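**Q** Letter by letter, the sequence shown follows residues 75 to 222 in this note's numbering. Positions of the beta carbon are idealized from the N, C-alpha and C atoms, including for glycine. These numbers were taken from a predicted model, which means no experiment stands behind them. Take a look at this one; I'll ask things after.
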Amino acid sequence: WYRTGDLGFIFEGELFVTGRKKDIIIVAGNNIYPDDIEAVVSETAGVHPGRVVAFGTNNSERGTEEITILAESDLQSENEKSKLKLSIASRIRERLDCTIKNIVVVPGMWLVKSSSGKISRSANKDRYLKELRGRELNEPNNKHNHAD
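Structure, rendered in structure tokens:
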């Protein structure tokens with residue numbers, strides 16, 4: 075046995091990989107799998123399919139992680155983006171029974187891919203923390219980047 079960090083199960087003698095241990099988001103003691111979130115968001119009208127990333131960000135005030143979603147879209151107006159964020163939040167609440175605090179709509183080709191061509195959660199989380207979160211925290215009422 076090797077500790078790869080992969081999560082999975084064996085069914086009828088076949089191994090099924092379901093995710094990575096380090097990618098699990100723990101919100102108030104509940105395990106949330108970012109792959110599940112990304113699949114639901116990718117199906118949302120207005121979002122570029124497969125161009126979504128979800129990850130946890132630490133909320134030291136609450137003592138837990140919060141889910142952050144970055145979704146690529148061609149929408150330009152803040153009104154359209156706000157409607158898309160509400161739609162995403164609603165779909166996640168209905169399908170996965172969890173609440174999303176941070177939904178950010180980014181322009182096409184914003185998300186970082188790994189050398190193998192997959193969306194990189196860690197690189198996108200780093201980019202979000204460096205480029206967007208500072209701006210988000212300085213906006214009045216954070217009204218453009220949250221879907222409460």
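Taking the alpha-carbon positions, what's the Ile-162 to Ser-196 distance?
**A** Cα-Cα distance, rounded: 22 Å.
**Q** Drop a sphere of 10 angstroms on the beta-carbon of Ala-119, count the other beta-carbons inside from all chains shown, and report buried for 16 or more, exposed for fewer.
**A** It is exposed - the Cβ of Ala-119 has fewer than 16 other Cβ atoms within 10 Å.
**Q** Can you tell me which of the three DSSP states Ala-102 falls into?
**A** Ala-102: coil per DSSP, three-state reduction.
**Q** Rounding to the nearest angstrom, what Cα-Cα distance links Glu-205 and Gly-87 in this structure?
**A** So the alpha carbons of these two residues sit roughly 46 Å apart.
**Q** Tell me the rounded alpha-carbon separation between Ile-143 and Ser-151.
**A** One C-alpha to the other measures close to 19 Å.
**Q** Tell me, to the nearest whole angstrom, how far the beta carbon of Val-114 is from that of Ile-166; I am working on the premise that it is less than 8 Å.
**A** Yes, they are in contact, since the Cβ atoms of Val-114 and Ile-166 sit about 6 Å apart, within 8 Å.
**Q** Using only CA atoms, which one of Asn-104, Gly-103, Ala-102 and Phe-129 lies nearest to Glu-112?
**A** Selected option, being the one with the closest Cα: Phe-129.
**Q** What's the gap between the Cα of Thr-138 and the Cα of Val-126?
**A** Rounded to whole angstroms, Thr-138 to Val-126 spans 23 Å at the Cα level.
**Q** State the DSSP-derived secondary structure class of Ala-128, mapped to helix, strand or coil.
**A** Strand at Ala-128.
**Q** Mapping the DSSP letters down to three states, classify Arg-207 as helix, strand or coil.
**A** Helix at Arg-207.
**Q** Alpha carbon to alpha carbon, what distance is there between Thr-173 and Gly-182?
**A** Their backbone Cα atoms lie some 25 Å apart in a straight line.
**Q** Unbroken alpha helix (DSSP H) runs of length 4 or more, entirely within the segment 133-186: which are they?
**A** DSSP runs (the alpha helix (DSSP H)) wholly in the segment 133-186: 152-170.
**Q** Can you tell me whether Ser-190 is buried or exposed? The criterion is at least 16 other CB atoms within 10 Å of its CB, across all chains shown.
**A** Ser-190 is exposed by the Cβ-count criterion.
**Q** Under a three-way DSSP split, which group does Gly-112 fall into?
**A** A quick correction: the sequence has Glu, not Gly, at residue 112. Helix.
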